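In C-alpha cells:
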C-alpha cells in the first residue's frame, strides 16, 4: 500500500502515505491509489505543458532578429539672417 507513495514527489509523499494509511480495506485503498495516480498524471501533464511553453518561448525569442535603425545625422540649421555666404 505505502509503496505507491514512493512514486510521488517528496513534497507529496507524506500526504499520500497518510491518505493510504486511512483506508479501511483493500477496495478503498485501490480506489485511493487510482485517484492518486490520476492526480499524478495531471501534475505530469501540467509540468510537461509548462516546460513546452517555456521551450517554445525560448525558441521564438531566439529566432527574433533585433535590428538597430540608424537615425540620419542632424542637419545644422543655418542662420537665415547670415548673408555672408560662408554658411556659419
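Numbering (the working numbering), first residue to last: 73 to 160. Where is the CB? At the ideal position from N, CA and C, for every residue including glycine. No experiment lies behind these values; they were computed from the predicted model shown.
Is the beta carbon of residue i sitting closer than 8 angstroms to the one on residue j?
{"i": "residue 93", "j": "residue 104", "result": "no"}
{"i": "residue 86", "j": "residue 95", "result": "no"}
Between the alpha carbons of residue i and residue j, how many angstroms are there, rounded?
{"i": "residue 81", "j": "residue 144", "result": "59 angstroms"}
{"i": "residue 118", "j": "residue 109", "result": "14 angstroms"}
{"i": "residue 113", "j": "residue 133", "result": "30 angstroms"}
{"i": "residue 124", "j": "residue 139", "result": "28 angstroms"}
{"i": "residue 111", "j": "residue 142", "result": "55 angstroms"}
{"i": "residue 131", "j": "residue 99", "result": "48 angstroms"}
Pick out whichever of the options has its Cα sitting closest to the Cα of residue i.
{"i": "residue 107", "options": "124, 88, 140", "result": "88"}
{"i": "residue 83", "options": "128, 125, 115", "result": "115"}
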